[in-house]
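Residue numbers (my numbering): 32 to 225. Where is the CB? At the ideal position from N, CA and C, for every residue including glycine.
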């Protein structure tokens, strides 16, 4: 135990005694350090939660590759059965693709999954099998199908129904549909070709 006497101003009591033990000092320092650490941790946790919420990519908000693959799988099967753009389409190229080329559907699902992962900010990169004028090259992959703007819109509507089926929130649904719509001119590039 330490005792300290300190001289104070003349009008205050001359002798002031503070009793300090090692245990009191350590306890006081631990209390101060613990409080500071708790404040720092609380501040960091708050900053991290704000940062992670505001900085999550669409890919992360959609649930990553497995969730995206499930959506693409459902969507691709729905397009095949869609009466406007699928097996019974009035467009002979679409009708043929959805009846005579279905052995290619698993590969198409894979490529669509990569495409969505790429455009949504995920770690996977899509490379077009038939490179076009854009990094995603969608015009060459679709040119021979002669997809009309209204057929494109029906595929977009099918995508919207699929997103609803999976209960994708409005914000994410809007972002996915906007990313899809951004490529409408590429996908319909072959429509006016004779």
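If you follow the alpha helix (DSSP H) that residue i is part of, which residue opens it and which one closes it?
| i | result |
| --- | --- |
| residue 221 | Segment: none, residue 221 is in no alpha helix (DSSP H) and carries neither H nor E. |
| residue 105 | 95-112 |
| residue 124 | 123-131 |
| residue 135 | No alpha helix (DSSP H) holds residue 135; DSSP gives it neither H nor E. |
With C-beta atoms as the reference, is residue i less than 9 Å away from residue j?
| i | j | result |
| --- | --- | --- |
| residue 105 | residue 211 | no |
| residue 100 | residue 144 | yes |
| residue 173 | residue 95 | no |
| residue 217 | residue 151 | no |
| residue 182 | residue 107 | no |
| residue 176 | residue 139 | no |
| residue 155 | residue 149 | yes |
| residue 193 | residue 102 | yes |
| residue 178 | residue 122 | yes |
| residue 98 | residue 189 | no |
| residue 127 | residue 180 | no |
Leaving aside the five residues before and after residue i along the sequence, list all residues of the same chain whose C-beta is less than 8 Å from its C-beta, in chain order.
| i | result |
| --- | --- |
| residue 111 | 117, 118, 129, 133 and 136 |
| residue 169 | 159, 163, 214, 217 and 218 |
| residue 199 | 93, 102 and 207 |
| residue 191 | 204 and 208 |
| residue 86 | none |
| residue 201 | none |
Using a Cβ-Cβ cutoff of less than 6 Å, which residues in the same chain neighbour residue i once the five nearest sequence positions on both sides are dropped?
| i | result |
| --- | --- |
| residue 209 | none |
| residue 147 | 99 |
Might you give, ordered along the chain, the residues of its own chain that have their beta carbon closer than 7 Å to the beta carbon of residue i, omitting 5 neighbours on each side?
| i | result |
| --- | --- |
| residue 11 | This structure does not reach residue 11, given that the chain is present from 32 up to 225, and the question cannot be answered. |
| residue 185 | 113, 115 and 116 |
| residue 187 | 208, 211 and 212 |
Does chain D have any CB closer than 9 Å to the CB of residue i?
| i | result |
| --- | --- |
| residue 134 | Judged by its chain identifiers, the structure shown contains no chain D, having just a single protein chain. |
Going residue by residue through the region 153-216, where are the continuous alpha helix (DSSP H) segments of at least 4 residues, counting only ones entirely within it? 169-173, 180-196 and 201-212
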